[in-house]
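What follows is a single structure, written as structure tokens, with notes after it.
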Amino acid sequence: MKLIFLFFIKASLFSSLLSNDINCGKNSSRCDLKTRIRNLSETLASRFNEMVIKELGSEYTSHLEIRTTYKINRSSNADQDVLTSIVDKLSYKVSSATNILMEMNDTFKHTNTPSFTHPCPFNSIRKTVLIKNSNILDISLIEPSSLFGRFKDLKVKRQYFLSHLDYATDKDCTAMPHTNLRYLYHKIVHPDPKYVVFIVDNFVHSETLQHIINVVKETVFALQSTDMFTVKVANASNFMKFEDTCSIDGMSKFANATDTNKLLLREYLTTLEVADSLLPPATINKEMKNLLNEQQLPANKLFIYLTDTKILKDDNWLKVFPHMENNATVKLAIGLFYETDDNKNKSLGILSFDKWHNHSKEHSVMKLHINNSGVIGQVASAFLSLMPTNYESKTLVEGPIWEATERDYIISLVYPISSGIFGLDLYWSDLAEDIIYFKGRDGDKRTFVMDFSGKILMHSHFPRPESTSEKIKFTHLESIEPHKFVGKLKQKMLQKSSGNIKFDINNFTNILYEWKWVHTYYIVCLVTEYKNDSKMNMSNIYFSRSSKDILFHRLDLFPPKTGKLCRHFKQISTIDQGTVYLSPSSFQSPFAYLYDMADGQEALAYIQNYLAYIKSVAHGLLSNPGLKNEIQQDVGFLNSILSFYKRQHLHGPLSNYVVRRYAATESGVLVMFPGTVLEYDYEPVRRPWYTNAMENPDKIILTPPTLDVGGAGYIISISYALQSPIYPPMVVSMDVTMGFLYKLLIENMPQCSLVYIKCFIMDNRGYLVSHPGLMDPNSSGPIEQQHITHKESMIAIDMLNHKGFVTKKMCSNFFDKTIQRYYEFNMSLPNVLSNIVSGDHCVHYHITAIPGTNSFIGLVNSRCSLGSIGPFCPCSMFDRLCLNCNRMEQTECECPCECSSEWYECPNANKSNMSQDIPLCGMLPEKNNHKSHYFHNYAENLKPCFDFQCENYLTHSSCLGVLACEWCQVDADGRTPLAAPFCTSQSTCFNGVLGAVTPYGEGTFGQVNRDAFASYSAIGPIAGCIVTISLVIAVAIYCYRQNTTTASCHNLYVDGPAETWQDIDVQLSYMSSDDMPDQNGQDKLLPVMEIEAPISPYRVVTGYRRSHTAGGSDHGYSTMTPHEDSEATGFSVNDPTILSDDTKSDVSFPVPTKVKHRHNIPTDLSVTVLPCGKNSVIAPVTVHRNMETS
């Protein structure tokens, strides 16, 4: 029977191949394209290999002269030594802070000491408070010589005493927010879970209502995540609803005091208005009684009724409280707002009583005049102080807590006494710097720090706090190490102060866990995965190369001795010499380096010390100012490459297309030509061009387009990893214009320029590196992070049916608690693939791998009618949320997306499903932050480094891809083609649209920058006059029509994620459809004068997540992604000849069937202008497809 089955399979395969040959014979043009695309892939492979060798010097480095000044052993330390070093440094800093607390306790022993904070305001302590090496506790076992020095000093953000007398409110520092300190105070003094019910009386004066709202906000922000609260507005029949992942419908009136629910409360309270009437007290009383009957609520309960003096005139309002008999765990309180005749000077009294009918003045807690925000906070603390206290005098560590002003997490070291709490706030980036910047060789090592509750507080895969845009969601060990043995591992780590344990994952991999305690506060663990694949022996001897001719990247501070400074696009540069940059990971203490560089006055002295050390020829004469041991050798070696880069950049064949060349070692040293000033927190080893190259050491890496922070427009990085026993592991790379790659395609295959032919390059994750839709000024949508499912969804649907070519995968992104779905394409593809669906279609494609790279070359041949629309890949218009998180089908197309994994933490979650082996995503590469810290103003006063003379290029092919040049072909309205296209500067005609606003805020309509027409002929002024006159006439006609049309044109539709209203990073339309008209060609661009981060087509903001629906409509979240001409007719994937077992669902998510409504809060500034007029009808429409949802 088995033989018959095998024979049937072979016969089927043979018939399929024969069928393809017959089809090929019938249509020779398809076979011709297949041959051409194969030849094109080989040509591109040869060109990219030539670039790596001749432009980046991959072979040049092996022929460098070796100076044997001295030798150095680059072998890594033993794991146990690395772990000990991390623990010793962290233990030292914690002990130093403990010593300060004890000194504070000895100084302030009086019980009547009021609350104080130092310094005040808080942001004045950006300069460090250094704790020198004296009287340190519990470090007798640590070698003193290894710890003494400036880089071991502790950085203290602030110190404070929170007194019980004034409810932890420093009256001398009331102008600054106290939310974090108040939160900390109640977490220490009232640690037990509590349930707070707010009854808000909104039948009051508007000023009183605003005070009530502020009290509720402050009180809720002082609650812990283990606390719960409910809000009842006295005139509303329902309670306020909050997000509850674990409930059936995703919403609940019982809210955990999470950051998300606190934000929802704030948004809800801003909509609260003064009421005309209230519900009867008996009705509210009944609802309060029902709350007390609810199960699974904290035992300690506090009912707070916020009202005005009406309660003194009518005792019936006291009956809003539930009747309690001798229940000590339930507290009742009234916030009574007294009003004066002028309605300005208000006071607030707090009444607390045990029985609802007793409201005498003897139960008054306090009475305060409401004259500043500090009083409101004091009132909030007074309410919570009615809860039972439970603490003891011992040193505690709390946090980390995100502090946006510092863009860092804060750790609080506190010592409670009978009269209050002494505390120190420390930078978590300082304490955990060895975890943050830990580098595991070849990705086989990772480390993390955990508290004794099992929560992971920092992990080497977490994003750096200074680079993240969202708060990290700290999770538990079970999510970080999702293995069956994690329970046993956790038990061992909590029981023994140090140890190690090894587990076998499979026949090829085993994992070793080594850990040590840091006092009784933290557990540091080092994880090593051993695999049976061969790795390069890194314990080699390297030769040092030193050179005095080293130019540091801070050209504004240390200009070149010979040569001049110039402006390369928007950056301070020099073309006389390349520059050396030392990243934070190059230092023994990255945090100390970042801290020092933030201080402009002292940064100069530190930089001088670094330069003197790395330039020193005689090894050992100068003391190391804090650099890692290998930095001097890496700088010497990389600096020798700059002469080669200079020669190629100025005289090489690609000098008109290469923005910059650079190289970086694993220690964080980077050299660059042209020499350029870089931001001091730039980390090259975490960038995509570096990480992808190191993960694929035998591949040339093409990185999809990104907006260049230096002002060169959209660029593509070409990088390659070099490993050799005679020089340190490094990555060489260069940035080229986006047009250069498209130019390569057209030059090597002229058919790519035809209207019905599209040639594209995509990487191994399916993101487009080059595509005509990214170059066409008439297309719309963002340019960065464009996936094959966005631009060519029709062929993406068909490619999913090619077994062995593309695989849909998922991984766990534990620091934001999401499950990421993505595509992975087979880079070893040997053949050219084409349509798998049988039959004749008007859309045909061919795709094959570019040998030796991470990319693929594809060709789409489309002769379809432009009016027909075929299948599409469903995507969310607003964020990266998957439309169906209940399953993931291999053959169903969807855009790369994410699902929340927070449901797994619910008490009733199906824990058995957590055992499915979902791999970790690993460390995510950092993106450009596009901050305006690149000294643009300084650079504007410099002359350009290069005169590109764009007007000399008379044809589109000659202008395409040239630095700073654009082929201007669309008029200023974004639609009308120019009668005589011409080549001009990028700032004048960005993306081919005349006068278009660039992402850097220049080139506004009717204006050009000062370099745009530096050497133009008379054609320029004439064209400018014509454009100006046309604009004047257009504006006049528009104004006339506005004044004569009865219908209003002020109707706008606003789209975008609700939480991005205030986010300047995302003030751009998410409607990335090529079928939509381009609004003046601006949909690819950022607003005027905005140079923040470019728009990604997907963005999700922590805290707001749509539920994972399992049925019904998609509620308008699906979108027809950008459809090119090739997507006019769809493929039918229902042909039985292509269906196989892999169409079954291979992944399922045990997510509850529920719908969480999006929160109706303001959206972003992106607008779509609707037609208007007396004959126009505007109606909202949601288009639904027949999508399977279960």
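Going from the sequence shown to the numbering used here is simple: count from 1 and add 183. Glycine included, C-beta positions come from ideal geometry on N, C-alpha and C.
- Where I269 is concerned, the enclosing alpha helix (DSSP H) starts and stops at 262 to 290.
- Cα atoms of N418 and A458: separation of roughly 7 Å, rounded to the nearest angstrom.
- Close CB contacts of C942 within its chain, under the 6 Å cut and outside five residues either way in sequence, are with L928, C935, L1042 (chain order).
- By the Cβ criterion, the region 556 to 568 is not in contact with the region 619 to 634, since fewer than three pairs of Cβ atoms, one from each stretch, lie closer than 8 Å.
- Comparing alpha-carbon positions, the option among D687, V235, D1100, G518 lying closest to P665 turns out to be D1100.
- Between D608 and the set E616, T630, I584, P1013, the nearest pair of CA atoms involves I584.
- When C-alpha distances from A876 are compared across D946, V841, L805, D613, the shortest belongs to D946.
- Proximity to S408 across F1055, P911, A440, D759 peaks at A440, based on C-alpha coordinates.
- Check the Cα spacing between Q969 and each of E862, K445, V1176, R948: the tightest is with R948.
- The alpha carbon of S662 has as its nearest neighbour, out of E653, L1125, L640, Q678, the alpha carbon of L640.
- The three-state secondary structure of L810, taken from DSSP, is strand.
- The alpha-carbon separation between M917 and L239 amounts to approximately 7 Å.
- In the assembly as shown, Y713 is an exposed residue. Its beta-carbon has fewer than 16 other beta-carbons within 10 Å.
- Taking the CA atoms as reference points, Q791 sits about 20 Å from L821.
- Apart from the 5 residues on each side of it in sequence, G682 sits with its Cβ closer than 7 Å to the Cβ of K675, W698 in its chain, given in chain order.
- Contact check for I944 and S1038: beta-carbon distance about 5 Å, within the 8 Å limit, so the pair qualifies.
- Sixteen is the threshold: since fewer than 16 other Cβ atoms of the shown chains lie within 10 Å of the Cβ of A482, the residue is exposed.
- Sequence-distant Cβ neighbours of L216 in its own chain, meaning closer than 7 Å and more than five residues away, are H1029, L1042, N1044.
- The C-alpha of L284 lies about 32 Å from the C-alpha of M411.
- Counting C-beta pairs closer than 8 Å gives fewer than three between the region 952 to 965 and the region 1053 to 1063, which falls short of the contact rule.
- Taking 8 Å as the upper bound for CB-CB distance, L531 and L519 are in contact here, some 7 Å apart.
- Of all C-beta pairs linking the region 825 to 840 to the region 220 to 240, three or more are shorter than 8 Å, placing the two stretches in contact.
- L452 is not a Cβ neighbour of K529, given a cutoff of 8 Å.
- With contacts defined by Cβ atoms closer than 8 Å, I898 and T874 do not form a contacting pair.
- Under DSSP, D739 takes part in no beta bridge, so it has no partner.
- Contact annotation: T762 and V854 have beta-carbon atoms nearer than 8 Å.
- In summary, G987 is exposed, with fewer than 16 beta-carbon neighbours lying within 10 Å of its beta-carbon over all protein chains present.
- Secondary-structure assignment with DSSP links R590 through no beta bridge to anything.
- Checking the DSSP bridge columns, you'll see F686 partnered with I694.
- In terms of CA proximity to L951, A979 leads the group P960, L937, A979.
- Under DSSP, C1082 takes part in a beta bridge, and its partners are I1002.
- Take the alpha-carbon of K370 and the one of S826: they are about 60 Å apart.
- Within the same chain, P646 come within 7 Å of L1107 by CB-CB distance, once the 5 residues on both sides are set aside.
- Each residue's CA atom was taken as its position, placing K679 and K667 some 21 Å apart.
- Between V1145 and N839, the beta carbon gap of about 5 Å places them in contact (Cβ cut-off 8 Å).
- Less than 8 Å divides the Cβ of S535 from the Cβ of A516.
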